[in-house]
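Undergrad: For the sequence shown, my numbering assigns the number 216 to the initial residue and increments by one for each residue that follows. Cβ coordinates follow ideal geometry from the N, Cα and C atoms, glycine included.
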Amino acid sequence: MSNRLNTTPNDLRAFWMPFTANRQFKKEPRLFVSAKDMHYTTHDGRHVLDATAGLWCVNAGHCRPKITEAIREQAGELDYAPAFQLGHPKAFELANRLVDIAPEGMNHVLYTNSGSESVETALKVALAYHRAKGNGSRFRLIGRERGYHGVNFGGISVGGIVANRKMFGTLLTGVDHMPHTHLPGKNAFTRGEPEHGGDIATELERIVTLHDASTIAAVIVEPVAGSTGVLIPPKGYLQKLREICTKHGILLIFDEVITGFGRMGTAFAAQYYGVTPDIMTTAKGLTNGVIPMGAVLVTSEIHDAFMNGPEHLIEFMHGYTYSGNPIASAAGLATLETYREEGLFERAWEIAPYWEEGLHSLKDLPNVIDIRNIGLIGAIELDPIAGEPTRRAFSAFLKAYENGLLIRTTGDIIAMSPPLIVEKHHIDEIFGKLREILKNNI
């Protein structure tokens with residue numbers, strides 16, 4: 216092992232860290248220097264069990280050999296190729312593989328570099344599609360309260376997390392929001408899909424009446440709202456949204472950046488719920504978090520609407536320098552092969568009930584006011600400390616790290632999403648450690 220793994224950087228000041236309490240961190244840094252399968256290793260040599268798949272993204276576990284080797288080989292063969300008017304084979308191969316596992320009818324792929332860029336791309340596709348069809352009056356975008364769609368201007372405009380929006384001015388115009396689906400008074404401690412709240416989807420009809428359908432381009436939702444604290448759609452909710460969008464000619468966008476690639480025990484949440492959107496955003500698990508890459512999948516109807524006019528003209532004026540990057544494409548292909556060869560989507564489905572039991576075993580602990588789960592996703596909502604929102608959950612995060620466990624917090628909610636290779640003994644360890652932390656009345 217290199218000596219570098221046992222040292223901290225000589226100076227922490229230059230890096231302005233994302234979504235981090237920078238001053239607190241830099242007083243007591245938490246540094247990972249290596250990882251393997253289900254564990255990180257810290258700069259001081261401790262092993263930390265990963266209950267969050269990094270940041271919802273390392274679905275196949277850390278440093279998997281097939282993915283690592285694919286990156287190494289590709290970097291030595293072709294490091295970069297421009298995607299504008301040129302291409303390379305692996306970008307096309309990966310797109311075909313994505314279409315193979317996508318919901319029926321989603322036959323075309325645009326590449327991005329992140330979930331945030333996937334959302335921006337999806338919103339632009341939706342607006343441009345309606346214009347291409349002669350419906351340029353459809354300019355409105357409808358998001359949802361407490362929704363998270365990345366950090367770019369389009370994403371925070373349709374998103375509904377106040378702290379992510381309040382510092383950045385007026386954002387996009389023509390945006391409205393549906394209510395969220397969280398009903399703690401009726402659905403607390405539900406296992407899986409809540410019974411109450413499916414009719415909240417009809418609020419979209421109210422918005423359509425307010426603005427008129429002829430002005431609305433698209434509705435965007437996360438099938439499961441992850442970053443806001445794991446809000447699970449009530450039974451029938453997504454199906455009703457699909458019906459309303461179809462009725463009024465509105466495109467339905469599923470943001471599957473978190474739910475995609477096995478998190479629900481299926482390739483995508485669209486298949487879990489039996490609801491096919493018109494556009495679907497992905498990232499994170501696409502490359503197992505190893506290299507930044509995202510993908511937006513669209514139906515043939517949307518794609519074909521752009522394929523007209525002279526063949527030498529660019530049909531859609533959009534893209535990125537790194538769209539379909541060769542090394543990212545190689546990582547994506549190796550990731551999909553790892554999922555397939557090891558049956559990780561099916562494995563997630565099989566172990567989800569054990570995950571559910573372990574999670575809900577914490578119901579009796581002090582300050583636990585709700586527990587939610589679906590697939591290999593779970594949330595423990597804590598009663599906030601009066602006058603100190605987020606402190607209780609953040610204290611649990613710090614104690615978990617000290618005790619060799621990585622969890623994620625959002626507000627006063629502990630959110631977890633382990634790699635799909637998680638074993639029962641890992642689940643026992645996760646909830647055993649959390650029990651000890653939470654029973655001490657954090």
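1) Below 8 angstroms between beta carbons: does that hold for K242 and H533?
2) Can you tell me the Cα-Cα spacing of I422 and G558, whole angstroms?
3) Taking the DSSP output, what are the residues bridged to M495?
4) Leaving aside the five residues before and after S576 along the sequence, list all residues of the same chain whose C-beta is less than 8 angstroms from its C-beta, in chain order.
5) Looking at T496 and A546, is the spacing between their C-beta atoms short of 8 angstroms?
6) In the DSSP output, which residue or residues are listed as bridge partners for G358?
7) Using the Cα positions of G441 and M321, report the straight-line distance between them to the nearest angstrom.
8) Just to confirm my understanding: we take D643, look at its own chain, exclude 5 residues before and 5 after, and list those with CB closer than 6 angstroms. What are they?
9) For H640, does the count of other Cβ atoms within 10 angstroms reach 16, so buried, or fall short, so exposed?
10) List the endpoints of the continuous alpha helix (DSSP H) containing D315.
11) Report the residue from G384, G351, Y452, V366 whose alpha carbon sits nearest the alpha carbon of M393.
12) Got a sec, what are the start and stop residues for the beta strand (DSSP E) E557 sits in?
13) Cα separation between A290 and H303?
14) Check whether the Cβ atoms of P305 and L548 lie closer than 8 angstroms to each other.
15) Between G590 and A563, how many whole angstroms is the CB-CB distance? I'm expecting something under 8 angstroms.
16) Going by DSSP in three states, S664 sits in which element: helix, strand or coil?
17) With C-beta atoms as the reference, is I629 less than 8 angstroms away from I584?
18) Could you check the C-alpha separation between N350 and G412 for me, to the nearest Å?
19) Pairing CB atoms from the segment 426-445 with CB atoms from the segment 460-479, are three or more of them under 8 angstroms?
20) If you compare alpha carbons, which of G362, A317, R312 is closest to S331?
21) With the cut-off set at 8 angstroms, would you say G539 and A298 are in Cβ contact?
22) Going along the chain, which residues of its own chain have a beta-carbon closer than 7 angstroms to the beta-carbon of Q454, five neighbours each way excluded?
23) How far does the beta strand (DSSP E) with V273 in it reach, from first residue to last?
24) Check whether the Cβ atoms of L325 and V511 sit closer than 8 angstroms, and answer yes or no.
25) Per DSSP, Y295 is paired with what?
26) Please state the DSSP three-state secondary structure of Y255.
TA: Taking the definition as stated:
1) no
2) 42 angstroms
3) F469, L512
4) F646, R650
5) no
6) H392
7) 23 angstroms
8) none
9) exposed
10) 304-316
11) Y452
12) First-last for E557: undefined, no H or E at that position.
13) 13 angstroms
14) The amino acid occupying residue 305 in the given sequence is Lys; Pro does not appear at that position. Going by C-beta atoms, K305 is nearer than 8 angstroms to L548.
15) 6 angstroms
16) Since the displayed the chain opens at 216 and closes at 657, residue 664 lies outside it and no answer follows.
17) no
18) 33 angstroms
19) yes
20) G362
21) yes
22) V490
23) Premise fails: V273 is in no beta strand (DSSP E) and is neither H nor E.
24) yes
25) DSSP output for Y295 lists no bridge partner at all.
26) strand
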